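Colleague: Chains as they are written, first to last, in this note's numbering: chain A, 1 to 261; chain B, 1001 to 1218.
Backbone N, C-alpha and C define an ideal beta-carbon position, used for all residues, glycine too.
Quantities reported herein were computed from a predicted structural model and do not represent experimental measurements.
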Amino acid sequence: MATLNKVLDVAGVSKRFGANEVLSDVSLQVDKGETVCVLGPSGSGKSTLLRCINWLERPDAGQIYLNGQRVGVSGAGIAMSDRDLSKIRTRIGMVFQHFALWPHLTVLQNLMEAPVQVQRRPRTQVRDEALALLEKVGLAEKRDAFPSRLSGGQKQRVGIARALAMRPDLLLFDEPTSALDPELVGEVLVVMRELAHEGMTMVIVTHEMGFAREAATRVLFLDRGRNVESGPPEQFFATPETERARQFLQRYAGGTANGKH
Amino acid sequence: MIHDFGIVWTERALLLSGLANTTILSVLAAIASLLLGFALTPALMSKHLAVSGTARAYVDGMRCVPFLLFAYIVYYGLPSLGIRWDNWTSGLLALIIYNTAYMAEILRGAWVAQPREPIEAGVAFGFSDLKLFRRIILPPLLLSAGPVIGNQTIQIIKDSAFLTIIALPELTHAASSIQSRHYVPFAAFITAVFLYWGLCLVVEAGVNSVGRLAEARR
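Quick look at the structure:
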């Protein structure tokens, strides 16, 4: 695969919280247009991996590159300036488990806030794009509502539109449907599926096995902070290589876990 | 009785200048103690025990001292340590120092109650520290703390009446002079009460409009 197409390169990342090693030498390459689903039991380090990618957590070891540029560490090998870190973060969109919308801003203002305030793009242009994005996620009529007036599914669709408004090179999803009532999961997955088809580059931490199976280009299975297995979803779901993955999939097939932990 | 109020009416200029002074004192004290409270809040939440302990001692100390006693100390007590301020400076500083402790504690409570994720989203979307505070942390904080800040402002207005004991020409002092000059205590004091009440209504109106903004965003 041509390195030019490589959007994200996570190389041997480790992270510990106190005595607890949450990530141990995890590597992951994501090419442009790929949808990588990160699977694994609770506490396997999935969210920490995601949070290391945009430097919300600082890894203890390993490197992360976005489009070839090192994240969090400047050329001289020292910590990146806030300014450079901010610049790189605006190229990585993030969708949160509990939506994390800004409560004091309307839906439309939520979409426009970072592009106008951080990226300093012209307001009228940002506004047009934001309105188009709201149309796309089916929430055009909610543009002037405050987040508190929305259902969970609507909040998360706004969350996705807010991340897209930054025109990111990469989108990170941290269990985007785990906080939703089961009947609201579908409307969010529809939007994510559409993005996958359009070729958005995405890393998705999820417990939605059905979604991973049909929408992922690749699956990464983490267990106790280790990359136990990865590969195309057809292969992973049909013939998992490791005992740990087999057990994990069996548990989901048996319905003992339904995506909520 | 009507006659007494007539006497108060002839002294209206004195009362109004007292009202103006009370307003100036209260507004300055409210704004200054809110701003200083903002500066003190991070200290209260600091991980360094020396910093948070010192800030905590100051806040608890102020909250346990009656304001009247504190005003006595600032105006009559400090000169024996060589610090001598006129009554305006003493009165204003006493109000500010005293209420900064309350404001800091109000803001700390509101800050702790803020959900973590929207702030983290701000970091993830590239907001730098100052902008993060100004655009993402501060607005919901002020909306949720607004009513309590309003209450504290009313408290400041009422506490400012104690400054009559250091001869600061505020509203209570004006009413007091009118009653001693003409011996019309009921009329003079009841008029002052209504003027205080009016001032508090203005503050409450402000709090209510902040409350309406907050309600839509909750």
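Could you pull the start and end residues of the beta strand (DSSP E) that PHE1005(B) belongs to?
Modeller: The residue you call residue 1005(B) lines up with position 5 of the second sequence. Segment 1002 to 1010 is the alpha helix (DSSP H) holding PHE1005(B); no beta strand (DSSP E) there.
Colleague: If you measure from the beta carbon of VAL118(A) to each beta carbon in chain B, is any gap under 8 Å?
Modeller: Numbered from its first residue, the first sequence carries residue 118(A) at position 118. Interface residue, yes.
Colleague: Note down the Cα distance separating VAL1207(B) from PRO1147(B), rounded to an integer number of angstroms.
Modeller: Mapped onto the second sequence, residue 1207(B) falls at position 207. Mapped onto the second sequence, residue 1147(B) falls at position 147. Rounded to whole angstroms, VAL1207(B) to PRO1147(B) spans 5 Å at the Cα level.
Colleague: Can you confirm whether VAL13(A), when its beta carbon is compared against all beta carbons of chain B, has any partner nearer than 8 Å?
Modeller: Against the first sequence, residue 13(A) aligns to sequence position 13. Chain B contact via Cβ: absent.
Colleague: Kindly list the residues whose CB is nearer than 6 Å to the CB of ARG246(A), restricted to its own chain and excluding five residues on each side of it in sequence; keep chain order.
Modeller: Reading the first sequence from its first residue, position 246 is the one you call residue 246(A). The residues are PRO240.
Colleague: Say whether chain B places a C-beta atom closer than 8 Å to the C-beta of ASP82(A).
Modeller: Against the first sequence, residue 82(A) aligns to sequence position 82. It does: the Cβ of ASP82(A) has a partner Cβ on chain B nearer than 8 Å.
Colleague: Quick one, which residues of the segment 145 to 158 of chain A are near chain B if we go by CB-CB under 7 Å, in chain order?
Modeller: PHE146, SER148
Colleague: Contact criterion: CB-CB distance below 8 Å. Does LYS1158(B) meet it with respect to chain A?
Modeller: Translated into the one-based positions of the second sequence, residue 1158(B) becomes position 158. So no, LYS1158(B) is outside the interface.
Colleague: Any Cβ of chain A within less than 8 Å of the Cβ of PRO1139(B)?
Modeller: Within the second sequence, numbered from 1, the residue matching residue 1139(B) stands at position 139. Yes, its Cβ sits closer than 8 Å to a Cβ of chain A.
Colleague: Opposite LEU28(A) in the DSSP bridges: which residues?
Modeller: For the purposes of this step, residue 28(A) is identified with residue 28 of the first sequence, where counting begins at 1. Partner(s): VAL10(A).
Colleague: In terms of alpha-carbon separation, which member of LEU50(A), GLU34(A), GLN29(A), VAL38(A) lies closest to LEU220(A)?
Modeller: Taking the first sequence and counting its residues from 1, one reaches residue 220(A) at position 220. Measuring C-alpha to C-alpha distances from LEU220(A) to each of LEU50(A), GLU34(A), GLN29(A), VAL38(A) identifies VAL38(A) as the nearest.
Colleague: Should GLN154(A) and LEU180(A) be called a contact, given that it needs their Cβ atoms to be closer than 8 Å?
Modeller: Within the first sequence, residue 154(A) is the residue found at index 154, counting from 1. Within the first sequence, residue 180(A) is the residue found at index 180, counting from 1. No, these two residues do not count as a Cβ contact at 8 Å.
Colleague: Taking Cβ-Cβ distances shorter than 7 Å, what residues in chain E pair up with ARG1217(B)?
Modeller: Of the protein chains in this structure, namely A and B, none is chain E.
Colleague: Please confirm if VAL1123(B) has its CB atom under 8 Å from at least one CB of chain A.
Modeller: Residue mapping note: residue 1123(B) aligns to position 123 of the second sequence, counting from 1. Yes - at least one Cβ of chain A is within 8 Å of the one on VAL1123(B).
Colleague: Note down, in chain order, each residue of its chain lying with its Cβ closer than 7 Å to the Cβ of VAL22(A), except the 5 sequence neighbours on either side.
Modeller: Reading the first sequence from its first residue, position 22 is the one you call residue 22(A). Closer than 7 Å at the Cβ level, and outside the excluded window around VAL22(A), lie LYS15, ARG16, GLY45, THR48, GLY225.
Colleague: From the DSSP output, which residues share a beta bridge with GLU229(A)?
Modeller: Sequence index remark: in the first sequence, residue 229(A) carries index 229 (1-based). GLU229(A) pairs with PHE221(A).
Colleague: Between VAL158(A), PRO41(A), LEU150(A), which lies nearest to GLU113(A) when the distance is taken from Cα to Cα?
Modeller: Here residue 113(A) refers to the residue found at position 113 when the first sequence is read from its first residue. With distances taken between Cα atoms, GLU113(A) lies closest to VAL158(A).
Colleague: Closer than 7 Å by beta-carbon distance: list the chain B residues that pair up with HIS197(A), in chain order.
Modeller: Counted from its first residue, the first sequence places residue 197(A) at position 197. In chain order: nothing, as chain B lies at least about 25 Å away.
Colleague: Given SER1176(B), which residues of its chain have a CB within under 7 Å of its CB, disregarding the five upstream and five downstream residues?
Modeller: Here residue 1176(B) refers to the residue found at position 176 when the second sequence is read from its first residue. Once the five neighbours on either side are set aside, the close Cβ partners of SER1176(B) are THR1164.
Colleague: Can you name the residues of chain A whose CB is closer than 8 Å to the CB of ARG1135(B)?
Modeller: Numbered from 1 along the second sequence, position 135 holds the residue referred to as residue 1135(B). Per Cβ cutoff of 8 Å: GLU113, GLN117.
Colleague: What distance in whole Å lies between the Cβ atoms of ARG1056(B) and LEU1044(B), which are believed to be in contact at a cut-off of 8 Å?
Modeller: Here residue 1044(B) refers to the residue found at position 44 of the second sequence. Here residue 1056(B) refers to the residue found at position 56 of the second sequence. The Cβ separation is near 6 Å, so the contact holds.
Colleague: Are LEU1170(B) and SER1180(B) closer than 8 Å when you measure CB to CB?
Modeller: Locating residue 1170(B) in the second sequence gives position 170, where the first residue counts as 1. Locating residue 1180(B) in the second sequence gives position 180, where the first residue counts as 1. For clarity, residue 1170(B) is Glu in the given sequence; the question names Leu instead. No.
Colleague: To be precise: take each residue of the segment 1099 to 1126 of chain B, compare its Cβ to all Cβ atoms of chain A, and keep it if any distance is under 7 Å. Which residues remain?
Modeller: GLU1117, PRO1118, GLU1120, ALA1121, VAL1123, ALA1124, PHE1125, GLY1126
Colleague: Is the segment 141 to 152 of chain A touching the segment 74 to 93 of chain A, taking contact as three or more C-beta pairs under 8 Å?
Modeller: no
Colleague: Between LEU180(A) and chain B, is any beta-carbon pair separated by less than 8 Å?
Modeller: The residue you call residue 180(A) lines up with position 180 of the first sequence. Not closer than 8 Å to any Cβ of chain B, the Cβ of LEU180(A) fails to qualify, so no.
Colleague: 8 Å is my cut-off, CB to CB: does SER1026(B) come that close to chain A?
Modeller: One-based indexing of the second sequence puts residue 1026(B) at position 26. No, SER1026(B) does not count as interfacial toward chain A.
Colleague: Per DSSP, GLY93(A) forms a beta bridge with which residues?
Modeller: Your numbering for residue 93(A) matches position 93 in the first sequence. According to DSSP, which records beta bridges pairwise, GLY93(A) is partnered with LEU171(A).
Colleague: For ARG70(A), name the three-state secondary structure that DSSP assigns.
Modeller: Start at 1 with the first residue of the first sequence, and residue 70(A) comes out as number 70. ARG70(A): strand per DSSP, three-state reduction.
Colleague: Could you tell me which chain A residues have their CB closer than 8 Å to the CB of LYS1047(B), listed as they occur along the chain?
Modeller: Numbered from 1 along the second sequence, position 47 holds the residue referred to as residue 1047(B). Near LYS1047(B) there are no residues of chain A at all, since even the closest Cβ is about 16 Å away, more than 8 Å.
Colleague: Show which residues of chain B have a CB atom less than 9 Å away from the CB atom of LEU56(A).
Modeller: The count along the first sequence starts at 1 and reaches residue 56(A) at position 56. What LEU56(A) touches in chain B: GLU1120, VAL1123, ALA1124.
Colleague: Quick check for students: name the residue ranges of the alpha helix (DSSP H) that lie wholly in the segment 118 to 182 of chain A, counting only runs of 4 or more.
Modeller: 123 to 136, 152 to 164
Colleague: Find the nearest neighbour of LEU136(A) within the set VAL191(A), PRO182(A), PHE99(A), judged by alpha-carbon distance.
Modeller: Taking the first residue of the first sequence as position 1, residue 136(A) is located at position 136. According to the sequence shown, residue 136(A) is Lys rather than Leu. Taking the Cα of LYS136(A) as reference, the smallest distance to any Cα among VAL191(A), PRO182(A), PHE99(A) is reached at VAL191(A).
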